[in-house]
Amino acid sequence: MNPRRRSIPIKIGRVTVGGNAPVVVQSMTNTDTRNVVSTIGQIRELEDCGCEIVRVAVPDIEAARAIRAIKKGINIPIIADIHFDYRLALEALEAGCDGLRLNPGNIGEPARVAAVARAAKGKSVPIRIGVNAGSLPRAEDAGATIGQRMVAAALEQIKLLESLDFNLIKVSLKAFDVPTTIEAYQEIAQKVDYPLHIGITEAGTPRGGIIRSAVGIGTLLYQGIGDTIRVSLTAHPREEVIAAYEILKSLDLREHGPILVSCPSCGRTEVDIIRLAEAVEQELLKITKPIKVAVMGCAVNGPGEAKDADVGIACGKGKAILFKKGEKIGVVDEVDCVRVLMAEVDKL
Ligand code: SF4
């Protein structure tokens with residue numbers, strides 16, 4: 084795994100993004116931001132799953148103003164997502180947003196961009212420049228790839244903010260196409276020192292979307308690129324947070340709750356291993372400690388194959404061996420094995 088790319092750290096509220104800070108997990112609400120009660124409710128649910136920064140859509144002035152009340156009910160920093168109307172950015176800043184996501188080139192004449200940059204700088208609020216492959220300006224270089232055009236668009240926006248003496252910048256370059264996204268981030272990573280927010284946009288429903296995101300985000304993180312991530316899914320945003328941590332845990336970049344090791348549906352199993360693993364997975368959702376738990380399909384190979392698990396079960400016919408770090412510590416009836424396993428987890 085490559086060493087982490089050096090980026091200039093910025094603060095979104097009290098959360099550091101970039102530098103040596105851990106890779107931060109973000110998501111976005113799907114509530115109507117003007118509905119303060121339901122937006123606070125969803126953000127709290129996301130906080131419980133480990134979301135560290137949340138973004139809300141700001142389609143109008145009422146939504147921008149709602150941020151003031153929303154902030155009172157939540158504990159994580161909030162980013163206002165602005166499209167085109169600079170007045171919404173100013174209002175969101177006034178309401179206390181911790182970050183803005185907007186493209187300065189989309190909000191019109193230079194005086195408007197300057198007004199937003201001045202207000203954001205005055206409040207030390209960073210701006211994320213978010214380039215999407217689907218909304219690129221016309222290519223100046225006819226031979227440029229989509230990834231190169233995304234980088235050029237981002238550099239243009241960066242230049243605009245820098246010319247206003249604004250450098251609390253974070254950058255994202257998202258595409259649905261995974262190789263395009265990787266190419267774009269690799270290139271921008273060499274050109275600027277700003278922290279990078281990475282993700283695959285419109286990645287789809289969880290089945291395909293998590294895989295696309297894991298391949299794209301995972302490849303970049305493995306190369307040391309990425310300071311904050313969002314797994315964009317057509318699903319409840321809690322699924323985005325859970326998936327984001329699974330990606331980070333798989334690369335040993337973050338610890339967050341248990342890791343479940345379970346056998347494939349192997350021909351040696353004499354139990355319903357799929358049902359058992361799902362039952363344990365469900366129980367583990369309540370655990371926050373970073374432990375490794377194994378659900379193995381046979382007693383002969385199971386304890387050895389999962390010897391680095393803190394605790395596990397290896398199932399035979401009607402019985403299961405309970406083991407810790409590969410050592411047998413008891414035998415239980417299959418019907419009791421989830422309960423007994425969870426009791427051992429609780430002891431840890
Ligand atoms: Fe198959 Fe047993 Fe290995 Fe699991 S531990 S994959 S059931 S041989």
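In the numbering used here, the protein residues as written are 84 to 431. Don't be surprised by glycine CBs; every beta carbon is placed ideally from N, CA and C.
Relative to the non-hydrogen atoms of the ligand SF4, the Cβ of R351 comes within a distance shorter than 8 Å of at least one. DSSP, reduced to helix, strand and coil, places L176 within a helical segment of the structure shown.
Just so you know, the alpha carbons of L405 and D143 end up roughly 57 Å apart. Taking the Cα positions, L256 is about 17 Å away from G292. In the three-state reduction of the DSSP assignment, A258 falls in the coil class, being assigned neither a helical nor a strand state. Ranked by how close their Cα comes to the Cα of V199, the residues R151, E239, L251, N158 have L251 in first place. Note that the C-beta distance between I161 and P278 is not below 9 Å. Look at T263 here: in three-state DSSP terms it is helix. The shortest C-alpha to C-alpha distance from S315 to any of I308, P341, H280, S345 is the one to H280.
Between the C-alpha atoms of A397 and A403 there is a straight-line separation of about 5 Å. Beyond the five residues adjoining it in sequence on each side, T99 comes within less than 6 Å, by CB distance, of P92 in the same chain, given in chain order.
For C346, the shortest C-beta to heavy atom distance toward the ligand SF4 is below 8 Å.
V98 has its CB no nearer than 8 Å to any heavy atom of the ligand SF4.
DSSP, reduced to helix, strand and coil, places S218 within a helical segment of the structure shown.
Following the DSSP letters along the chain, one finds E135 in no alpha helix (DSSP H), marked with neither H nor E.
Ranked by how close their Cα comes to the Cα of K430, the residues G409, E174, D393, C132 have D393 in first place.
Around Q306, the same chain offers N85 as residues with beta carbons nearer than 6 Å, after the five sequence neighbours per side are excluded.
Between K253 and C180, the alpha-carbon positions lie close to 15 Å from each other. CA-CA distance, G385 to A297, rounds to 27 Å.
Fully enclosed beta strand (DSSP E) runs of no fewer than 3 residues occupy 342 to 345, 375 to 379 of the stretch 318 to 391, in order along the chain. Residue E135 holds the alpha-carbon nearest to the alpha-carbon of V108 among R97, T116, E135, D419.
When the Cα atoms are used, A202 and E174 turn out to be separated by approximately 10 Å. Nearest neighbour of S110 by Cα position, chosen from V354, G301, R184, turns out to be R184.
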